[in-house]
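Enquirer: For the sequence shown, my numbering gives the first residue as -10, with consecutive numbering after it. Cβ atoms here follow ideal geometry from the backbone N, Cα and C, with glycine treated the same way. Note that the structure is predicted; figures quoted are calculated from it, not measured. Mind having a look at this structure? Questions to follow.
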Amino acid sequence: MIHIAVLPGDGIGPEVTREAVACLELLSAERQLGLHFTEHDFGGVAIDRHSEPLPPSTLAACKKADAILLGAVGGDRWNDCAERPEAGLLKIRQELGLYANLRPVEVLQGGQWSPLRSEVASGSDILVVRELTGGIYYGGHRLSEDQASDLCTYTRAQVERVAHVAFRAARLRKGKVTQVDKANVLATSRLWRATVDEVAKAYPDVALDHLYVDACAMAVITEPRRFDVILTENLFGDILSDLLSVIGGSIGLLGSASLGSGGPGLFEPVHGSAPQIAGLDIANPAGAIASAAMMLDELGLGDAGSVLREALEATLLSGCRTPDLGGDASTSGFGAAVRERLQVRSRRDTGLRHLFLTNRGCCG
């Protein structure tokens, strides 16, 4: 039995997560994957019910799980709370030791939804590897009436471990890592650059280059196909990955994985909670479904992950699109279309297995 902790969260989170879980349940039943799902409060809804964004019961369930599937967190209604919903996300990353965030950005051939010209964007395939546990988000924060400061700190060990993740990923892709920093100004960036240079020596088959973050922000828009794996620190990765989400046409298409060392990973769509469209059945569940496919990969169920990705891509290319992509499909309708393709694939595979066994019996 593989235990999945499901954290639907806030806004559109429950809607998109519902479609992803339904796809996983179908795959599990057809392929005997043994997936078991339990839902837990997290984020703003947990503040409403438990007065904190990450209740002890939810954290305990996540620690016992094999993987965590998250919907979305946050919303304006909790802005004045002593502890905002997003604090739960930072805490769960710390508690589970999740230090590497992987965000793949792929533009389907033709680039039909990208705001960039097709000849610029089509075929782009970039993986952003973002460090999650250090940097300015976790430093000291001071605010007075007329002065404020935020402390950015990194250790060599923090940089080394996430760099290994990036180089290992590059080996399975096009074999190139671009490390992004601001080493002409920041001491932490100079530590990053020196440390990554050292780690690169263990990967002679992977090309490495360095790029300042401002230059990178321009290049991912003007020539995205030059990139393979982008490795960077927490703040830069947060900004760059959101910028990159635009080139595919909608942030609703993208999934992500947050990984640590040995414990459960956390898988979530890149988009936010979008409370303004919550409950309208128009949110794009593609990012949640893509996250579910990444989860299957990490659980050692890569064949099932590939099948889910293929069904998702085929659904998109068939013209079934939610309003963010200019279509009129509902959240539930899009999810149903993906599951229909999964069922068609299952029937085809079953037929092929039957044919193989019949032929083997005839020839035996």
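(1) For the candidate residues E287, M(-10), R330, whose alpha-carbon lies nearest to that of C309?
(2) Excluding the 5 residues preceding and the 5 following E120 in the sequence, name in chain order all residues of the same chain whose CB lies nearer than 6 angstroms to its CB.
(3) Return the CA-CA distance between R131 and A318, expressed in angstroms with no decimal places.
(4) Rounding to the nearest angstrom, what Cα-Cα distance links I271 and R38 in this structure?
(5) Look up K163 in the DSSP assignment and say whether it is helix, strand or coil.
(6) The alpha helix (DSSP H) with L305 in it runs from where to where?
(7) Give a yes or no on contact between the segment 21 to 31 and the segment -7 to 6, applying the rule of three or more CB pairs nearer than 8 angstroms.
(8) How far does the beta strand (DSSP E) with T27 in it extend, from its first residue to its last?
(9) Between the segment 2 to 14 and the segment 39 to 50, can you find at least three pairs of beta-carbon atoms closer than 8 angstroms?
(10) If you draw a straight line from the C-alpha of G77 to the C-alpha of S321, how long is it?
(11) Among G244, D55, G2, K171, which has the Cα closest to the Cα of P253?
(12) For E257, name the three-state secondary structure that DSSP assigns.
(13) Short check: CB of A277 to CB of V109, under 8 angstroms?
(14) Checking 8 angstroms against the spacing of the C-beta atoms, do I366 and H25 come in under that value?
(15) In chain order, which alpha helix (DSSP H) runs of at least 4 residues are fully inside the segment 205 to 268?
(16) Pick out the complete beta strand (DSSP E) segments inside the segment 15 to 67, 3 residues or longer, and give them in chain order.
(17) Taking the alpha-carbon of W102 as reference, which of L269, T311, L85, L290 has the nearest alpha-carbon?
(18) Taking 8 angstroms as the cut-off, does the segment 194 to 209 touch the segment 167 to 174 (at least 3 CB pairs, one atom from each stretch)?
(19) For a test of the three-state rule: what should DSSP assign to I115, helix, strand or coil?
(20) Between Y127, I266, L285, which lies nearest to E257 when the distance is taken from Cα to Cα?
(21) Between the alpha carbons of Y143 and G123, how many angstroms are there, rounded?
(22) Whole angstroms are fine: how far does the CA of E299 sit from the CA of G289?
(23) Note the first and the last residue of the continuous alpha helix (DSSP H) segment covering S107.
(24) How would you call S262, buried or exposed, if buried means at least 16 neighbouring beta carbons within 10 angstroms?
(25) Pick helix, strand or coil for I278, following the three-state DSSP scheme.
(26) Does the beta-carbon of Q332 have 16 or more other beta-carbons within 10 angstroms, so that it is buried, or is it exposed?
(27) Expressed to the nearest angstrom, what Euclidean distance is found between the alpha-carbon atoms of Q21 and S295?
(28) With distances taken from CA atoms, which of S280, E287, G315 is nearest E8?
(29) Please report how far the alpha carbon of V209 lies from the alpha carbon of D203, in whole angstroms.
(30) Looking at G129: is its Cβ nearer than 8 angstroms to the Cβ of P264?
(31) Who does H199 pair with in a DSSP beta bridge?
(32) Can you give me the start and stop residues for the alpha helix (DSSP H) that D186 sits inside?
(33) Hey, V117 and L229 are a contact pair by Cβ (cut 8 angstroms); roughly how many whole angstroms apart?
(34) By DSSP's criteria, A326 is part of a beta bridge. Which residues make up the other side?
(35) In this structure, does DSSP put S321 in helix, strand or coil?
(36) Can you give me the C-alpha to C-alpha distance between S113 and L161, rounded to a whole angstrom?
Expert: The structure says:
(1) R330
(2) V151, E222, N223
(3) 46 angstroms
(4) 26 angstroms
(5) coil
(6) 291 to 306
(7) yes
(8) 24 to 28
(9) no
(10) 28 angstroms
(11) D55
(12) strand
(13) no
(14) The question about residue 366 has no answer, for the chain in this structure spans -10 to 353.
(15) 223 to 234
(16) 24 to 28, 56 to 61
(17) T311
(18) yes
(19) strand
(20) L285
(21) 6 angstroms
(22) 17 angstroms
(23) 107 to 110
(24) buried
(25) helix
(26) exposed
(27) 16 angstroms
(28) S280
(29) 10 angstroms
(30) no
(31) Q168
(32) 176 to 189
(33) 6 angstroms
(34) None; A326 has no bridge partner.
(35) helix
(36) 16 angstroms
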